[in-house]
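**Q** I am attaching a structure below and will ask some questions about it afterwards.
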Amino acid sequence: AQKITQTQPGMFVQEKEAVTLDCTYDTSDQSYGLFWYKQPSSGEMIFLIYQGSYDEQNATEGRYSLNFQKARKSANLVISASQLGDSAMYFCAMSPNSGGYQKVTFGIGTKLQVIP
Amino acid sequence: EAQVTQNPRYLITVTGKKLTVTCSQNMNHEYMSWYRQDPGLGLRQIYYSMNVEVTDKGDVPEGYKVSRKEKRNFPLILESPSPNQTSLYFCASSSLQGTKNIQYFGAGTRLSVL
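See the structure below:
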């Protein structure tokens, strides 16, 4: 069974500052993938970043980076130089990487508000 | 344009009246899923499909049915909707890129069951 925990219901960050959104996970799979999605107020779900459990380096995509600490089972999203358009819900998710790829588990999300 | 299309976007219905939410993707993806999103609960997987005629239950399948007769379509069927199925529903599709299973989501269907 997979479980994703996001313990920050809401976060505030000043524009241009960096912010870390927390995500911890639990799984019995040896190989798995971790994802972050963004959901703006308009409602669509937007893929941000992916980290494989055997990837040696932390994933980065532009201003997004994933701070992956396997031993701690954490996969925190770091957004650098926050912009007003970053205000949204952010969801952490995971799925197995060997069979069962479609069994995806999401966290409950963190609402980020960027303050001008 | 690559996309996942859900219809309708908004639906108000009454308890017990069968309904279908359609989902179609034009990316030739093998995998498709349905989720429901509720405040404080995040997204929960209802059903998923690995390919045509291959489906399996997610975490909250009760009260829902799906079918995958064509690769591009994955409709969600509520045979007898109840008020506790009032929710925001998302369809998603994906295809493996190595071991990456990045999902592309539809715009969502907001369902109210009275």
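Going down the list, the sequences are from chains U and L. Offset between the first sequence (1-based) and the numbering used here: plus 161. Offset between the second sequence (1-based) and the numbering used here: plus 33. Note that the Cβ used here is the ideal one computed from N, Cα and C, for glycine as well.
Just to make sure I have the definition right: I need the residues of chain L whose C-beta is within less than 8 Å of the C-beta of residue 268 of chain U. Which are they?
**A** The residue given as residue 268 of chain U occupies position 107 in the first sequence. Under the 8 Å cutoff, chain L gives 75.
**Q** Can you tell me which residues form a DSSP beta bridge with residue 75 of chain L?
**A** Indexing the second sequence from 1 puts residue 75 of chain L at position 42. L:71, per the DSSP bridge assignment.
**Q** Output the distance between the C-alpha atoms of residue 206 of chain U and residue 139 of chain L, rounded to the nearest integer angstrom.
**A** To locate residue 206 of chain U, count along the first sequence from 1; it is residue 45. To locate residue 139 of chain L, count along the second sequence from 1; it is residue 106. So the alpha carbons of these two residues sit roughly 8 Å apart.
**Q** Taking the beta strand (DSSP E) that residue 240 of chain U falls in, what are its first and last residues?
**A** Position 79 of the first sequence, counted from the start, is the residue given in the question as residue 240 of chain U. Note, residue 240 of chain U: beta strand (DSSP E), 235-240.
**Q** With three or more beta-carbon pairs closer than 8 Å as the criterion, would you say the segment 177-192 of chain U touches the segment 105-113 of chain L?
**A** Touching, no, given that fewer than three Cβ pairs across the two stretches are closer than 8 Å.
**Q** Report yes or no: do three or more beta-carbon pairs, one from the segment 207-219 of chain U and one from the segment 63-78 of chain L, lie closer than 8 Å?
**A** No: the two stretches stay apart, fewer than three of their Cβ pairs being nearer than 8 Å.
**Q** Where does residue 257 of chain U fall in DSSP's three states?
**A** Locating residue 257 of chain U in the first sequence gives position 96, counting from the first residue. It is a strand residue.
**Q** So if DSSP puts residue 57 of chain L in a beta bridge, which residue, or which two residues, is it bridged to?
**A** Along the second sequence, one-based indexing puts residue 57 of chain L at 24. Its beta-bridge partners are L:38, L:106.
**Q** On the three-state DSSP scale, how would you describe residue 212 of chain U?
**A** For the purposes of this step, residue 212 of chain U is identified with residue 51 of the first sequence, where counting begins at 1. Note: residue 212 of chain U maps to strand in three-state DSSP.
**Q** I'd like to know whether the C-beta atoms of residue 69 of chain L and residue 123 of chain L end up nearer to each other than 9 Å.
**A** Residue 69 of chain L sits at position 36 when you count from the first residue of the second sequence. Residue 123 of chain L sits at position 90 when you count from the first residue of the second sequence. In this structure, residue 123 of chain L lies closer than 9 Å to residue 69 of chain L by Cβ.
**Q** Measure from the C-beta of residue 45 of chain L to each C-beta in chain U and report whether the shortest distance is under 9 Å.
**A** As a position in the second sequence, residue 45 of chain L is number 12, starting the count at 1. With 9 Å as the cut-off, residue 45 of chain L does not count as an interface residue toward chain U.
**Q** Would residue 83 of chain L and residue 92 of chain L be called neighbours here (beta carbons separated by less than 9 Å)?
**A** Numbered from 1 along the second sequence, position 50 holds the residue referred to as residue 83 of chain L. Numbered from 1 along the second sequence, position 59 holds the residue referred to as residue 92 of chain L. No, Cβ-Cβ distance for residue 83 of chain L and residue 92 of chain L is not below 9 Å.
**Q** Counting only beta-carbon atoms, is residue 165 of chain U nearer than 9 Å to chain L?
**A** If you number the first sequence from 1, residue 165 of chain U lands on position 4. Closer than 9 Å: yes.
**Q** Check the DSSP bridge columns for residue 225 of chain U and list the partner residues they point to.
**A** Against the first sequence, residue 225 of chain U aligns to sequence position 64. Note: residue 225 of chain U sits in a beta bridge opposite U:222, U:240.
**Q** What does the alpha-carbon distance come out to for the pair residue 151 of chain U and residue 257 of chain U?
**A** Look at the range of chain U in this structure, 162 to 277, and you will see that residue 151 of chain U is not part of it.
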